[in-house]
Amino acid sequence: MSYTEHELAKDLENQEYKFGFVSNIESDQIPKGLNEDVIRIISAKKEEPQWMLDFRLNAFRVWSEMTEPDWAHVHYQKPNFQDIVYYSAPKQTKKYESWDDVDPEMKETMKKLGISMEEQKRLTGVAVDFVMDSVSVATSFKSKLKELGIIFCSFSEAVQEYPELVQKYMGTVVPTSDNFYAALNSAVFTDGSFCYIPKGVRCPMELSTYFRINEGGTGQFERTLVVADEGSYVSYLEGCTAPMRDENQLHAAVVELVSLDNAEIKYSTVQNWYPGDKNGKGGIFNFVTKRGICETNAKISWTQVETGSAVTWKYPSCILKGDHSIGEFYSVAVTNNYQQADTGTKMIHLGRNTKSTIISKGISAGKSSNSYRGLVQIHKGAHNARNFSQCDSLLMTDECGAHTFPYIECKNSSAKIEHEATTSKIGEDQIFYCKQRGISEEKAIGLIVNGYCKEVLNQLPMEFAVEAQKLLTISLEGSVG
Amino acid sequence: MIKINNLHANIEGKEILKGLTLEVKPGEIHAIMGPNGAGKSTLASILAGREEYEVTEGSVDFDGLDLLEMDTEDRARAGLFLAFQYPVEIPGVSNINFLRTAMNEIREHKGMDPISAKEFMAMVKEKSALVELDPKLASRSVNEGFSGGEKKRNEIFQMAMLEPKLAILDETDSGLDIDALRIVANGVNTLKSDKNATIVITHYKRLLDYIIPDFVHVLYDGRIVKSGTKELAIELEEKGYDWIKAELV
Amino acid sequence: MEATLMTTNSTDFTKNWSPTALSFPKKLIEQATEFIETTHFPTTRDEHWKYTRLAKLSKQQFLQSKVAATAEFDSISNSNNRLVFVNGLFNAGLSNLTQSNGLTLTALSENSAVLNQTNVDVIDLFSAMNICFAKDGIHVHVAKNQTIETPIEIVFVQTGEQTAAVIHNQITIDEGAKASVILNFQSKNAKNTFTNVISNVSVGKNAHFTLYKMQTENETATFIGTENVTQERDSYFHIHTSTLNGLLVRNNLNIKVIGENADTHLNGMYLGHGSMHVDNHTVVDHTVANCESNELYKGVMADKSTGVFNGKVFVRKDAQKINAFQSNGNVLLSDDATINSKPELEIYADDVKCSHGSTTGQLDEEAVFYLRARGISEKAARQLMVSAFIGDVINKIDNTEVSDYLTSKLETMFGWDF
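Just so you know, the sequences run in chain order A, B and C.
Just so we're aligned, residue -6 is where the first sequence starts under the numbering used here, counting upward by one.
Just so we're aligned, residue 79 is where the second sequence starts under the numbering used here, counting upward by one.
Just so we're aligned, residue 593 is where the third sequence starts under the numbering used here, counting upward by one.
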């Protein structure tokens, strides 16, 4: 008998999580629970100025009044917010002067993550900010960026060093009251990345942050703020992993992008948080608010490859405020076993001649549920606005679900909106064709799925694209015995 | 090379092949002709390992291997190539990447190292010229947006790249204009050697004007009912398939 | 703060109405009554009413007629089988009933025992109202293997001011039967009317049924209607909804396919003008394998009108080999017009081919220019383009009486020529 798709599906279930290990870096935790005192402790530990503490306390009060949303097409046991540790930092919090100073065990951790820092430093010139649990660990290439006036540092450092920039932009794209998780993040975020590209500067290298949840029982609440000043350009990468743990862990991040006149931000994410085991036990709840605002002639492009997390709730969005501004969203979301993803985007067209493109590829396997949810909103003044959306779903088994929930709202007659969606099974004739040429079923599926996602993978910077392809293959192929 | 003995096969309970026997030796070109519904494409599908068909009786020996017990990809790796009647489109997968993956899987199977990029590209250049395939098509997605003729030439190009022992051309002439037909035939003829063999499945004699067969077989109602040399094809063209039917009654 | 957002109590809305005399199962009436007593009018926070505000409607009160008035009406077909309802009450004098073989066609009030086995559900406030207050409706039954050649036309005409018509229709097409029904909703000398309709349609094995829904009530009319359709195996069902006028029109179309090899077609056109609000919610629920559904809805929104399209296709677990296609096209003719389109797919089986597409835009200006360059006036060019756009949907109508009626209406109302 040949290897059937059914057997493949079985193998997928048994496939181990590649990044599953627990490293023993000592960490500095505060007790579980959330109240104003905890927020004061977090703020005090980070030696924050009063305005930052006020921002947090205000957010906490707003959050306390809110209820957790349940409109997404996902089902899960709501987290107990009093049972989470809101601050967990690796003990060695001193700043590293050079890479050599970094704790060898931490280096080992990074290696297991698949990020060989040394290699990256040597070969690619990627500047990396590494956020483990909640605190930024190392930022490389800082001096080189400094020469160009580019600020790339941890969020905490930005609060200390560049308070005027942080105060000017933080919360302007994602207001504290935007939604439940954004409010929570605003109250308790511990670290994240901050990036500022000055006027007219083209950032010469990819900026990159790796996020990792390490401690058991902790939540991760990072906050990222990227400001591209007039006429500047930056490409920003974000990678996520977490070790295997039985309990669900919460990740509630906020990412704000500000693309001023004629600026462009390219934001790419490869998300591989621990998805839980094949019975759906454990895994990360990934409740993330990502949004960018485009001023005149500006552009924001989101690219995401989502293969991890038990539950994903994420809609990287663009507010196309300025005339001629452009928003793009390219997404691949893979779900397997009991994973659930409800992801998509919002394109809010306010300015004239604004343009948006949405390409979403969902792949469902196992008993998973994969939903695209998107909003295209054309406001009255958005003359000649254009949107094109293509949402495709690929189903690998008869026990998974693939759903498409697009919302299209148009109040301008000169706008043009096109939305297309398809749902289909992976092509048996394609698999057969590959096999007839000598390619194994497993490789054939890898080829076909990668081909299916090509429009999105092409948007990623080269090193990331390779990593993403591997991840897709790992998520779907499993080891054939 | 291949010995098909008393092959019976069903699809969805309907018997299509009813005791087909055929032997092809190295260096030979065999043509299988027959009316629509005779079982020509079924034979190609079964030899390539399509799972919809159930073999109920008979055997196929391919160079000493029990072909029917092998997976599709193992048959391909052992040197069996099917030029599809309807080549499949695979969006997003470039022709080059596809072929390279196939070639390396076959090489790995044979215990060989992967082909070097340089060697591979040189081969692509040489073989695509053979079927006058625009080298640009090599970097496009597999068969996507190809014209009918381009798809068929792409099949022969792949055949040239993978160098099979036995090639089965399933209605390769269908939908081809005369120029494309000549190009495809020229490719097949150039690739012919005393070590490989070809089975040409066709409805019309036309292709056989360009690919001269050593033997012609008439497949009718799941069996080979008549065998001969290329003259048989000429006779069929003149008298039509009704002649065979009449003769059988 | 919440208190000020509270919506009108639903019992106020219906307080002048008298309970239904139709024989709905007692339990169902109790359930519906409780629903009305405990449920407020839906708001835009309710996902099903996200784009349709009912606040104004909820503050009004409408009156049900006690006796069937008489009224003029337009009819589409020359059918011998025509029933006329005025303000929701059956008017035998205006009706024209010829008994044909295998066809039972009566006012529901005359044969309401058929409701004993109704499978209607209380799914929302308006279905609850319908069950509690329905005055009448039709009962159509086509017996096994009977073909009714000419369409059965049911005219629902509203006349007078602040009138409410609460209508309940029961249509049963038995195994192997074939028929078509026209539901022709209109108003004559009417102002501020409210129509609440539920039509339950059951299409038996191998049966063939076409339903035409024509909506030409006037610009003060509020219409909330639901068709609940079940399709058994090998059946064919085609519904064609044409919404030409109204103040607020909400059409819910729920099709549940429960037998294999069924074929489903849903087509609709909606033409918004003035301050009209038209909302089409369709659901095709594929519960079994090997079926096909095709949906095409097109809207042209002018002036200050708003169009809503929400099309949902479900493919349930194990409902393999489903082909489901859905398409929604919209043209906005004015900057004050709005369109909200929500085409949704919810798929739980893998061997399926499902797609949906939604486009919103204005007329192709290049094409308008081309026509003008050939000497056609701009106005005529635009009308021609709109006709071409909406013509796709009209072409799906295979009854010429219906399509002729529709095109003549379009010509008189909008000057569109087909």
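Where a beta carbon is used, it is the ideal one built from N, C-alpha and C, also for glycine.
Among the CB atoms of chain A, one or more fall inside 9 Å of the CB of glutamine 954 (chain C). In the assembly as shown, phenylalanine 829 (chain C) is a buried residue. Its beta-carbon has 16 or more other beta-carbons within 10 Å. The contact set of threonine 336 (chain A) on chain C, defined by CB atoms closer than 9 Å, is empty, because the minimum CB distance reaches about 15 Å. Under the 9 Å criterion on CB atoms, asparagine 932 (chain C) is classed as interfacial with respect to chain A. Annotated as distal: serine 186 (chain A) and glycine 232 (chain A), with beta-carbon spacing of 9 Å or more. The Cβ atoms of leucine 803 (chain C) and isoleucine 774 (chain C) sit closer than 9 Å to each other. The contact set of leucine 46 (chain A) on chain C, defined by CB atoms closer than 8 Å, is empty, because the minimum CB distance reaches about 28 Å.
According to DSSP, residue pairing for leucine 98 (chain B) in a beta bridge involves B:Leu85. The beta-bridge partner set that DSSP reports for valine 749 (chain C) consists of C:Val678, C:Gln778.
Annotation for glutamate 241 (chain B): no beta strand (DSSP E) segment contains it, and DSSP assigns it neither H nor E. Counting the other CB atoms within 10 Å of its CB gives leucine 326 (chain B) a total below 16, which places it among the exposed residues. A direct Cα-to-Cα measurement between alanine 720 (chain C) and serine 602 (chain C) gives close to 10 Å. Taken through DSSP and simplified to helix, strand or coil, isoleucine 35 (chain A) comes out as helix.
The beta carbon of valine 870 (chain C) sits closer than 6 Å to those of Thr835, Val841, Tyr862, Gly864, Gly899, all from its chain and outside the five residues before and after it, given in chain order.
Between serine 1000 (chain C) and alanine 378 (chain A), the alpha-carbon positions lie close to 35 Å from each other. Glutamate 249 (chain A) is positioned such that its CB atom lies no closer than 9 Å to that of threonine 336 (chain A). Residue burial is scored here from C-beta neighbours: tryptophan 44 (chain A) has fewer than 16 other C-beta atoms within 10 angstroms and is therefore classed as exposed.
For phenylalanine 176 (chain B), the secondary structure class from DSSP, reduced to helix, strand or coil, is helix. Only Leu924, Leu925, Ser926, Asp927, Ala929, Thr930, Ile931, Asn932, Ser933, Lys934, Pro935, Glu936, Leu937, Glu938, Ile939, Tyr940, Ala941, Asp942, Asp943, Val944 from the region 917 to 944 of chain C bring a Cβ to less than 7 Å from some Cβ of chain A. Alanine 771 (chain C) is a Cβ neighbour of isoleucine 744 (chain C), given a cutoff of 9 Å. The shortest C-alpha to C-alpha distance from lysine 373 (chain A) to any of A:Asp422, A:Asp385, A:Ile35, A:Asn405 is the one to A:Asn405. A Cβ-Cβ distance of about 22 Å is found for the pair alanine 663 (chain C) and valine 732 (chain C), leaving them out of contact under the 8 Å criterion. Between lysine 409 (chain A) and chain C, the shortest Cβ-Cβ separation is below 9 Å. For threonine 625 (chain C), the enclosing alpha helix (DSSP H) covers residues 618 to 630. Burial state of lysine 205 (chain B) is buried, judged by a 10 Å Cβ sphere holding 16 or more other Cβ atoms. For aspartate 76 (chain A), the CB contacts under 7 Å within the same chain, skipping 5 residues up- and downstream, are Lys25 in chain order. In the three-state reduction of the DSSP assignment, threonine 835 (chain C) falls in the strand class, which pools E and B.
Threonine 305 (chain A) places its beta carbon less than 9 Å from that of glutamine 264 (chain A).
Counting along the chain, serine 995 (chain C) sits inside the alpha helix (DSSP H) bounded by residues 992 to 1006.
For the region 380 to 397 of chain A, the set of residues with a beta-carbon nearer than 9 Å to any beta-carbon of chain B is empty.
If you ignore the 5 residues before and after valine 167 (chain A), its C-beta comes within less than 6 Å of the C-beta of Ala175, Val247, Glu249, Thr282, Arg284, all in its own chain and listed in chain order. For serine 433 (chain A), the chain B residues whose C-beta falls within less than 7 Å of its own C-beta are Glu151, Glu183, listed in chain order. Interface annotation, tyrosine 400 (chain A): in contact with chain C, CB-CB separation under 9 Å. In this model, asparagine 810 (chain C) and serine 779 (chain C) are separated by some 6 Å (Cα to Cα).
Contact check for serine 252 (chain A) against alanine 221 (chain A) passes: the beta carbons are separated by less than 9 Å. The DSSP assignment places complete beta strand (DSSP E) segments of no fewer than 3 residues inside the region 935 to 999 of chain C at 945 to 953, in order along the chain.
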